[in-house]
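S.K.:
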Amino acid sequence: MAIHVFDLNVNKYQALCQQQVTIKKHLTHVTFNPLHPILIVGDNRGHVSGFKLSPNLRKQPKTKKHQEQLLSLLLRDSRYSELNSVH
1 MAIHVFDLNV NKYQALCQQQ VTIKKHLTHV TFNPLHPILI VGDNRGHVSG FKLSPNLRKQ
61 PKTKKHQEQL LSLLLRDSRY SELNSVH
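Going letter by letter, the sequence shown gives residues 1 to 87 in UniProt numbering.
1) Are the CB atoms of L20 and F51 nearer to each other than 8 Å?
2) Just the Cα atoms here: how many angstroms apart are R76 and D43?
3) Find out if the Cβ-Cβ distance for the pair P37, L53 is shorter than 8 Å.
4) Where does H66 sit, in a helix, a strand or coil, going by DSSP?
5) Using only the alpha-carbon positions, how far apart do G46 and V30 sit?
6) Quick one: using the 10 Å Cβ neighbour count with 16 as the cut-off for buried, is V41 buried or exposed?
7) Below 6 Å CB to CB, which residues in the same chain sit around L27 once its five sequence neighbours on both sides are set aside?
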């Protein structure tokens, strides 16, 4: 049995990672920590396991606004270079 972690903003069909669970019975509960990258799962017999999300998977994707700002800076720099190369 495994836990599959998805980032629905990236790809809802392909898991970012999988983690094998040592619990032998059916997983019936899952809880996410709102402050830390921790996931707790429990089975129908009361056994609980905790998992911490890898630091590589915690990186936030760049926002559209951030991408627009970078593009704007690149365009401005390229225009500046063009103006300087003409004179």
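Ideal placement from N, C-alpha and C gives every residue a C-beta, glycine not left out. Source: prediction; values computed, not measured.
M.R.: Reading it off the structure:
1) It should be noted that the sequence gives Gln, not Leu, for residue 20. Not a contact, by the Cβ cut-off of 8 Å.
2) 57 Å
3) yes
4) helix
5) 12 Å
6) buried
7) V41, D43
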